[in-house]
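As structure tokens, the structure follows; a few thoughts come after it.
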Amino acid sequence: MRRPMVAGNWKMHGTRASVAELIEGLANLALPGGVDVAVFPPSLHVSLVVDCLEGQSISVGAQNCAPQAGQGALTGEVSSTQLADAGCKFVLVGHSERRQIMGESNEVLNRKFEAAQAAGLIPILCIGETLEEREAGKTLEVVGQQLGSIIEELGIGAFVNAVIAYEPVWAIGTGLTASPEQAQEVHAAIRAQLKKENSEVAQGVRLLYGGSVKAANAVELFGMPDIDGGLIGGASLNADEFGAIIRAAGN
Ligand code: 13P
31 MRRPMVAGNW
41 KMHGTRASVA
51 ELIEGLANLA
61 LPGGVDVAVF
71 PPSLHVSLVV
81 DCLEGQSISV
91 GAQNCAPQAG
101 QGALTGEVSS
111 TQLADAGCKF
121 VLVGHSERRQ
131 IMGESNEVLN
141 RKFEAAQAAG
151 LIPILCIGET
161 LEEREAGKTL
171 EVVGQQLGSI
181 IEELGIGAFV
191 NAVIAYEPVW
201 AIGTGLTASP
211 EQAQEVHAAI
221 RAQLKKENSE
231 VAQGVRLLYG
241 GSVKAANAVE
251 LFGMPDIDGG
261 LIGGASLNAD
271 EFGAIIRAAG
281 N
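Take the sequence shown: its letter number 221 is residue 251 in this note's numbering, and every next letter is one higher.
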């Protein structure tokens with residue numbers, strides 16, 4: 031049985047004051063015991079969030095890490111080693127906003143994924159197609175390539191300690207959600223691709239869905255057999271809404 035997980039990606043949102051308020055809201059939620067919960071603040075606020083969540087069952091992750099672990103001359107970057115030292119457990123790798131806006135290639139993302147694991151962080155690999163790619167019937171091909179890049183470079187064993195998030199780009203921040211059936215189709219294909227390499231790894235890895243998840247659509251999405259939880263953007267900035275999504279994953 032895979033343990034469900036709900037992750038909140040705060041993206042480039044928050045001030046020290048609003049973060050403290052959000053954390054207070056999260057700390058007051060009655061959360062189900064069977065769900066792993068993590069929040070992903072901007073790296074600037076990681077330490078603040080780690081401190082404020084001390085004693086709570088909510089983990090902290092980062093939204094990005096440098097392509098190399100350790101320390102070094104890499105102005106402006108934060109390494110997986112530094113994030114782990116600051117109390118992070120997870121890191122997002124390959125969010126579509128970084129692939130598209132920051133131009134991160136599969137090659138760079140392979141290195142980030144490897145750097146994350148080298149520092150003991152659990153990478154959450156984000157993959158997904160654009161609207162154009164979906165309309166051209168290329169969804170499974172695109173997602174398969176993004177996943178295949180890591181498998182080829184780092185081997186299937188890399189997924190023993192990793193999470194995958196399927197986030198169709200057209201559903202991110204648009205209010206358009208993939209239907210539970212659309213999401214399940216891609217999740218099943220992801221698991222089948224992993225299974226070709228190693229069925230035990232495929233059965234164990236958690237596959238999260240992301241893209242306009244809200245309390246109102248979470249139950250249906252999380253009810254699908256290969257959807258093990260969600261990666262939540264906008265709705266994770268509201269503690270009550272995020273709490274309701276977490277409870278949906280616990281059902
Ligand atoms: P929204 O939930 O705001 O659509 O964002 C999803 C996302 O990109 C999470 O990483």
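Idealized CB from N, CA, C, for every residue including glycine.
Keep in mind it's a predicted model, so treat the numbers as computed, not measured.
- V121 and G91 have their C-alpha atoms roughly 5 Å apart.
- One alpha carbon belongs to M132, the other to R33, and they sit about 32 Å apart.
- Sequence-distant partners of G100 (beyond 5 residues in either direction) whose C-beta falls short of 7 Å from its own C-beta, in its chain, are S109 and T111.
- Remark: C-beta atoms of G260 and Y239 approach each other more closely than 9 Å.
- With a cutoff of 9 Å on beta-carbon distance, A37 and S266 are scored as near each other.
- Exclusion of the five residues before and after N191 leaves Q147 and I152 as the residues of its chain whose Cβ lies within less than 7 Å of its Cβ.
- Take S73, set aside five residues on each side of it, and the residues of its chain with a beta-carbon closer than 6 Å to its own are A92 and V108, in chain order.
- At least one heavy atom of ligand 1 lies closer than 8 Å to the C-beta of A201.
- Bridge pairing for P153: V121 [DSSP].
- Using a 10 angstroms sphere on the CB of P97, the tally of other CB atoms reaches 16 or more, which defines it as buried.
- Within the same chain, and ignoring the five residues on either side of M42 in sequence, the residues whose Cβ sits closer than 7 Å to its Cβ are P72.
- With a cutoff of 9 Å on beta-carbon distance, A222 and A232 are scored as near each other.
- In the structure shown, the three-state DSSP call for A246 is helix.
- Contact check between the region 45-61 and the region 75-90: three or more CB pairs, one atom from each, fall below 8 Å, which counts as touching.
- Within the model, the alpha-carbon separation for I53 versus V67 is close to 13 Å.
- Here I220 is not bridged, per DSSP, to any residue.
- When DSSP assignments are scanned along the region 81-120, the uninterrupted stretches of alpha helix (DSSP H) that are 4 or more residues long and fall wholly within it turn out to be 110-115.
- For N140, the enclosing alpha helix (DSSP H) begins and ends at N136 to A148.
- For A213, the closest C-alpha among the options L184, T169, I180 and V235 is that of T169.
- In terms of side-chain proximity, the C-beta atom of K41 is found nearer than 8 Å to a non-hydrogen atom of ligand 1.
- When only Cα atoms are considered, I262 and P198 end up about 13 Å apart.
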